[in-house]
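Protein chains in written order, with full-length UniProt numbering: chain H, 1 to 120; chain R, 1 to 246.
Cβ coordinates follow ideal geometry from the N, Cα and C atoms, glycine included.
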């Protein structure tokens, strides 16, 4: 997973206690979201090939997709050193962003690998 | 499934893989062609000026809480007063974006070029797939589908008993069309051709109207609740320093 993230402001940590103005750099935030998008796309392709080679059909494949996405989220959180608010403005960014975008790629590579390995 | 179909390996070697490879190569080709055709037009100074004004107003809005109330108010008046504020657009002067677009043939030409670079390869590939690879089962989708999908996914195959998850090459083409978008964004960088065309479609829908965005920025600036952050910073500094001492 290409997880190069720019830290923005380390003062964010005290923001829970102080309730002060949010300070973050929009460019770094955008860069972080791009990183999330890339890693999700990459992981959905890998997950699709994996599901196809393992021969999952039907519901199992989608379960695997959710599993892969969950692993990606955990990996991203670990990459952010478990302090999500230092890198993103909300939890939704790291957990939900790009979730549906990778589904088509996943289905394509799933079908591709499944057909090549199991059907022919 | 009781009756599993056995597909010829020639289908894999001559339909499934070539189709995907061709789609990927066409996507890459389209990216470079659209890059070549993108004419670097000289931007209109008025539009550039308005864009810079918008950026400055946005910066003011983002950093509003870091300057004293008086400074903020004077800056806001500078931007949005009703006589000669930078963001204020007189009613009669707001020209129609649609009319402006038609008066400038370069813009329409550029848009047409971009749309054509999208449509032509797609039509050609679709015709190619229809002509050469129709009339047989090309792939099997690994999840069950309802009967409704039969007419869409299995056209060219006139067998009503085959399971719906066996699909023709046309469906494989569509699956590629949608699924490869993610791959393109990985190998071509973010500004790939599909994103570009999507943006163009959005723009051609309502037209880029600088006066409208000026007005929106003015409204946004007007409703900013100013609250100077500096007095609170002493508390914050105190907290940080206390933490350091401990």
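Can residue i and residue j be called in contact, C-beta distance under 9 Å?
i             : j             : result
residue 40/H  : residue 69/H  : yes
residue 218/R : residue 60/R  : no
residue 269/R : residue 89/R  : Nothing can be reported for residue 269/R: it is not among the residues displayed for chain R, which extend from 1 to 246.
residue 178/R : residue 108/H : yes
residue 167/R : residue 141/R : yes
residue 28/R  : residue 136/R : no
residue 97/H  : residue 29/H  : no
residue 59/H  : residue 7/R   : no
residue 44/H  : residue 182/R : yes
residue 16/R  : residue 53/H  : no
residue 221/R : residue 76/R  : yes
residue 125/R : residue 78/R  : no
residue 57/R  : residue 26/H  : no
Would DSSP call residue i helix, strand or coil?
i             : result
residue 10/R  : helix
residue 166/R : strand
residue 242/R : helix
residue 125/H : Nothing can be reported for residue 125/H: it is not among the residues displayed for chain H, which extend from 1 to 120.
residue 229/R : coil
residue 21/R  : helix
residue 51/H  : helix
residue 33/R  : helix
residue 63/H  : helix
residue 137/R : strand
residue 63/R  : coil
residue 142/R : coil
residue 102/H : coil
residue 234/R : helix
residue 251/R : With chain R covering only 1 through 246, there is no way to say anything about residue 251/R.
residue 8/H   : Confidence at residue 8/H is low in this model, with a pLDDT of 39, below 50, so its placement is unreliable and no value can be given for it.
residue 38/R  : coil
residue 25/H  : coil
residue 222/R : helix
residue 155/R : coil
residue 57/H  : coil
residue 111/H : helix
residue 123/R : helix
residue 15/R  : helix
Within 10 angstroms of the Cβ of residue i, are there 16 or more other Cβ atoms? Answer buried if so, exposed if not.
i             : result
residue 19/R  : buried
residue 114/R : buried
residue 158/R : exposed
residue 110/H : buried
residue 9/R   : exposed
residue 72/H  : buried
residue 81/R  : exposed
residue 51/H  : buried
residue 175/R : buried
residue 185/R : buried
residue 36/H  : buried
residue 50/R  : buried
Thinking just about the alpha-carbon of each residue, which of the options is nearest to the one in residue i?
i             : options                       : result
residue 30/R  : 118/R, 74/R and 52/R          : 118/R
residue 67/H  : 82/H, 79/H and 47/H           : 47/H
residue 105/H : 42/H, 75/H and 35/H           : 42/H
residue 101/H : 38/H, 116/H and 88/H          : 38/H
residue 49/H  : 36/H, 35/H, 118/H and 113/H   : 113/H
residue 145/R : 69/R, 138/R, 74/R and 162/R   : 162/R
residue 156/R : 132/R, 176/R and 147/R        : 132/R
residue 139/R : 153/R, 128/R, 147/R and 127/R : 153/R
residue 170/R : 184/R, 46/R, 151/R and 58/R   : 151/R
residue 34/H  : 76/H, 51/H and 62/H           : 76/H
residue 73/R  : 237/R, 223/R and 50/R         : 223/R
residue 110/R : 239/R, 123/R, 52/R and 38/R   : 38/R
residue 112/R : 34/R, 231/R and 5/R           : 34/R
residue 44/R  : 243/R, 106/R and 128/R        : 106/R
residue 232/R : 5/R, 67/R, 42/R and 32/R      : 67/R
Excluding the 5 residues flanking residue i on each side, which residues of the same chain have their C-beta closer than 7 Å to its C-beta?
i             : result
residue 56/H  : 64
residue 180/R : 23, 24 and 27
residue 54/R  : 213, 214 and 217
residue 147/R : 164
residue 118/H : 55
residue 69/R  : 226 and 228
With a threshold of 8 Å on Cβ separation, who are the neighbours of residue i within its own chain once the five nearest residues in sequence on each side are excluded?
i             : result
residue 143/R : 165
residue 65/R  : 226, 227, 228 and 229
residue 95/H  : 73
residue 130/R : 170
residue 21/R  : none
Leaving out five residues before and five after residue i in sequence, what residues of the same chain have Cβ atoms less than 6 Å from its Cβ?
i            : result
residue 61/H : 51 and 110
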